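Worksheet: the structure to be examined is printed underneath.
Protein chains: 2
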Amino acid sequence: MRFSKQIEFVRRLVHAKARPKLVHALEKLGPLQSSRILKQLEESDRQLFFELLIPHALLDKILMELPENSLTEILLSLSESQLTTLLYGMPTDMAWSFLQHLPLEEQNTILERLPQDQRDKIAMVSQFPKDSCGEIMHPEVMSVRISVSVEIAIQTVRKSDPHLKVFYLYVVDDEGHLLGTVPLRSLIREDPANLVSQVMIPNPIAVEALQPRRKAAQLVAQNKLLAVPVVDETHHLLGVITVDDVIDIVQEEATEEMYHLAGLSKDDGIFAPWLKTVRKRLAWMSINLFTAFLAAWVVGLFQESISKVVALAIFMPVVAGMGGNGGTQALTVMTRALALGEVSGREVWRAMGKEIFVGGSVGLFTGFVTGLIAWMWKGNFYLGLVLWLAMMLNMMIAGFAGSIIPMTLRAFRLDPALGSGVIVTTFTDVCGFMSFLGLATLFLKYLV
Amino acid sequence: MRFSKQIEFVRRLVHAKARPKLVHALEKLGPLQSSRILKQLEESDRQLFFELLIPHALLDKILMELPENSLTEILLSLSESQLTTLLYGMPTDMAWSFLQHLPLEEQNTILERLPQDQRDKIAMVSQFPKDSCGEIMHPEVMSVRISVSVEIAIQTVRKSDPHLKVFYLYVVDDEGHLLGTVPLRSLIREDPANLVSQVMIPNPIAVEALQPRRKAAQLVAQNKLLAVPVVDETHHLLGVITVDDVIDIVQEEATEEMYHLAGLSKDDGIFAPWLKTVRKRLAWMSINLFTAFLAAWVVGLFQESISKVVALAIFMPVVAGMGGNGGTQALTVMTRALALGEVSGREVWRAMGKEIFVGGSVGLFTGFVTGLIAWMWKGNFYLGLVLWLAMMLNMMIAGFAGSIIPMTLRAFRLDPALGSGVIVTTFTDVCGFMSFLGLATLFLKYLV
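Residue numbers (numbering that gives the first Met the number 0), protein chains in the order written: chain A, 0 to 447; chain B, 0 to 447.
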């Protein structure tokens, strides 16, 4: 079925107020496709859509798939009572991420309408810094005292909210310190008469609430866990981060890395308002403009050589372009390796050595070809020689710059991807023009 | 503890053959850090390390964290009997990914030593294409007939291999067609006397074995599943892809996307052999060289203008640099949105319109500043005007090229990131020089 047909189909079900059929259709389409349809619905149809589906767990999933800006727009279009019904009983992490899209005043009004218990949980996660483990955790964590039997533990799971995601049962002491964990499957397998202290895995892997969410993602991914418990500084159990959150974290961190490499801010997505995007990019492109003038200034130094041998201006883009792309390649390899934790200690120096070697080798070949073409085109052997040397040199510098810049940013505990792209191409532009025009000036009498 | 101390500590435990202490230490360090230490151990220490740890599930996790090239090196250093012991009883997806690092002959020798059952499972996944759902699935899937009771289902789970990752119990008919799924937690909650047909979720989300692994990752991520069943064309249950595999897939797909944007091949990692890297990059940089000559050729068209007004050569890098970076930004936003499935249908045209508008606006401002500086520096108003117009035009082209190129690649069912970076900068170089030098030639009598 084509997209326009799908929209029409959903619109008809909405108008017919056929709730079960609508739910079935949306389940078939999946949350992502449903969210696309929701975006395309007109305001009045959307209102009907929400009247039919609030509250429904399926709607939560659909809303989660919306791009940030559409989500804000849609949440703002809902009435306070609709919002309250939507958020009522919703998992804390989701409720908190939705609430943040609303103005502070409305946040408070809705919070007051929610049950005390839910309000407390939201208050708890909201106190932690953005993108910390504490902020994204689920405070709904299932735990039992260490003194109970497996039998009691099983009953605890049975009695729990059926919508709660449970992968592990956590074992705590009387003060709530985390002591161990029991995978759900063990509960099925173990003798109910045993004590949980006998079947638990002691000293489980945990994260502290103030650590960045990246840390939780790494632990879950590397240890193939389904969830990681979140504790405070004194090891009290506060909540849990589950594997489905980890997939979102990995996805978002990758996006952020790519955006930073290109000098974009992470909220400059495809659906960000046009003027906001212009403002964000202007800031960055002003820095870029400054660095471009550095390159222009270098060219200006050799103005006289260019006025004598105009062919130099023709080959400038070749030297700069090849250097820029070579540098970007080295940069991408190094940034990704740092982000994935693939490289450590003295290995980074070896990796840098490799990038310089690779750059030099690639420059040796491509510079030779360029030099040959220039020699034949312009009939001057020395022009070819200068190009060859300059390109080899610039490609080595590209390998060096592409690896040293993310390493340096990391050493200062900054994101290695932070705007590295522009810095690297500035480096290769400046050094490329310097080496090419500098060598040309040295050999000037053979070039004229 | 510093890294060198950690290595020394592990080395001492290995020499003392203190297996339990070594296991404990490695568990503390985590699989990633342990893999780094393993890489740093000398050949003889490594052999001792393996003698102590083969077989151990912890070792599997450590090996999985090694970069591809180190893993190959280490696997090749193991004896056939060590490899057999390592692979014996290992989950199929892991065993298959390890086997692929060995020469075909050794693969067969080791396969023959493995139990028939395991050999069959490996043969099954190895028949599917690389990176398909069938190739990465676990054929060890727990299923029950639709006619059994919850009681029997619970017993099936109890009797299963305790190392098996089980999240759902799958329900099949007598021919093995997938009919439904029962989350493990439901088994704890439901009355044992019920039939699984009463408690199962019918028609569960599934992938076909020949679909790309990306599809499985999308379904798991969007529907917040713990696993997705893999079926053949006639809906027979073949295996399962679990959420921990999905994290790896998301990670690897992101790396591939970044690599493709920079014109790198995915196996050109930081630890790839130096000469292999040179060979891989040379291929790509040769294309890049060709495109750079396109830009050079455009500059050559305006040789005469440059020889009359050398200042033009000075501002060439500014026009090209700003355009290149603007184009890369548009490209990154569009590629990422396509990869994440954020944009669909007619929205892509709107997104392209936005990028052209944003490019033009940024060009309007930065071009104005550039023009002003050029006017004051070189004392020629018309030089400033030409720069302003050229930069505005080129930034609009950058927005256009940055969005149309990934869209076109996607339309031909190619990876939108495939080498887009170089194509976009070629576009902005060629168009930038064309507009700047072209306009300058038109206004030439005012510039001299």
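Glycine included, each C-beta is placed from N, C-alpha and C at the ideal position. Predicted model, so just to flag it, every value in this text is computed and none were measured.
Leaving out the 5 sequence neighbours to the left and right, which residues in its chain are closer than 7 Å to residue i when beta-carbon positions are compared?
| i | result |
| --- | --- |
| residue 429 (chain B) | 293, 294 and 297 |
| residue 125 (chain A) | 95 |
| residue 312 (chain A) | 305 |
| residue 355 (chain A) | 395, 398 and 399 |
| residue 367 (chain A) | 387 |
By DSSP, does residue i sit in helix, in strand, or in coil?
| i | result |
| --- | --- |
| residue 87 (chain A) | coil |
| residue 449 (chain B) | As shown, chain B starts at 0 and ends at 447. That puts residue 449 (chain B) outside it, with no answer to give. |
| residue 185 (chain A) | helix |
| residue 238 (chain B) | strand |
| residue 313 (chain B) | helix |
| residue 179 (chain B) | strand |
| residue 131 (chain A) | strand |
| residue 174 (chain B) | coil |
| residue 211 (chain A) | strand |
| residue 70 (chain A) | helix |
| residue 278 (chain B) | helix |
| residue 204 (chain B) | coil |
| residue 144 (chain B) | strand |
| residue 137 (chain B) | strand |
| residue 163 (chain A) | coil |
| residue 168 (chain A) | strand |
| residue 218 (chain B) | helix |
| residue 40 (chain A) | coil |
Just to confirm my understanding: we take residue i, look at its own chain, exclude 5 residues before and 5 after, and list those with CB closer than 8 Å. What are they?
| i | result |
| --- | --- |
| residue 417 (chain B) | 259 and 408 |
| residue 421 (chain A) | 262, 283, 286, 287 and 290 |
| residue 252 (chain A) | 213, 216 and 338 |
| residue 359 (chain B) | 391, 394, 395 and 398 |
Can you give me the Cβ contacts of residue i inside the same chain, cut-off strictly under 6 Å, excluding the 5 residues immediately before and after it?
| i | result |
| --- | --- |
| residue 246 (chain B) | none |
| residue 402 (chain B) | 329, 333, 351 and 354 |
| residue 201 (chain B) | 179 |
| residue 414 (chain B) | 259 |
Taking residue i as the reference, which of the options has the closest Cα?
| i | options | result |
| --- | --- | --- |
| residue 215 (chain A) | B:22, B:289, B:220 and B:29 | B:29 |
| residue 303 (chain A) | A:134, A:440, A:120 and A:363 | A:440 |
| residue 89 (chain B) | B:271, B:53, B:76 and B:75 | B:53 |
| residue 268 (chain A) | B:347, B:222 and B:193 | B:347 |
| residue 65 (chain B) | A:221, A:102 and A:128 | A:221 |
| residue 336 (chain B) | B:175, B:191, B:405 and B:109 | B:405 |
| residue 238 (chain A) | A:48, A:358, A:329 and A:142 | A:142 |
| residue 186 (chain A) | A:211, A:147, A:160 and A:209 | A:147 |
| residue 383 (chain A) | A:369, A:363, A:334 and A:183 | A:369 |
| residue 299 (chain B) | A:317, A:299 and A:301 | A:317 |
| residue 340 (chain A) | B:12, B:34 and B:59 | B:34 |
| residue 444 (chain A) | A:152, A:307, A:20 and A:129 | A:307 |
| residue 448 (chain A) | A:389, A:277 and A:219 | Residue 448 (chain A) is absent from the structure shown; chain A starts at 0 and stops at 447. |
| residue 140 (chain A) | A:181, A:84 and A:108 | A:181 |
| residue 115 (chain B) | B:101, B:87, B:133 and B:130 | B:87 |
| residue 164 (chain B) | B:365, B:46, B:241 and B:264 | B:241 |
| residue 194 (chain B) | B:166, B:151 and B:183 | B:151 |
| residue 58 (chain A) | A:22, A:40 and A:47 | A:22 |
Can you round the beta-carbon distance between residue i and residue j to whole angstroms, since I take them to be within the 8 Å contact cut?
| i | j | result |
| --- | --- | --- |
| residue 432 (chain A) | residue 315 (chain A) | 7 Å |
| residue 228 (chain A) | residue 68 (chain A) | With 8 Å as the limit, residue 228 (chain A) and residue 68 (chain A) do not qualify as a contact, their Cβ atoms being about 34 Å apart. |
| residue 207 (chain A) | residue 231 (chain A) | 7 Å |
| residue 277 (chain A) | residue 171 (chain B) | Not confirmed; about 56 Å, so no contact. |
| residue 91 (chain A) | residue 137 (chain A) | 6 Å |
Below 7 Å on C-beta distance, what does residue i contact in chain A?
| i | result |
| --- | --- |
| residue 454 (chain B) | With chain B covering 0 to 447 only, the question about residue 454 (chain B) has no answer from this structure. |
| residue 258 (chain B) | 331 |
| residue 263 (chain B) | 328, 331 and 332 |
| residue 30 (chain B) | 221 and 222 |
| residue 356 (chain B) | 273 |
Please list the partners that residue i has in chain A, where partner means a Cβ-to-Cβ separation under 8 Å.
| i | result |
| --- | --- |
| residue 316 (chain B) | 291, 294, 295, 298, 315, 319, 428 and 432 |
| residue 60 (chain B) | 221, 222 and 223 |
| residue 496 (chain B) | With chain B covering only 0 through 447, there is no way to say anything about residue 496 (chain B). |
Give the interface partners of residue i over in chain B, defined as CB-CB distance under 8 Å, in chain order.
| i | result |
| --- | --- |
| residue 336 (chain A) | 268 and 269 |
| residue 148 (chain A) | By Cβ distance, chain B contributes nothing, its closest Cβ being about 15 Å from residue 148 (chain A), past 8 Å. |
Name the chain B residues whose beta carbon is nearer than 9 Å to that of residue i?
| i | result |
| --- | --- |
| residue 287 (chain A) | 320, 321, 324, 325 and 365 |
| residue 197 (chain A) | In chain order: nothing, as chain B lies at least about 16 Å away. |
| residue 20 (chain A) | Chain B residues near residue 20 (chain A): none, gap ~16 Å exceeds 9 Å. |
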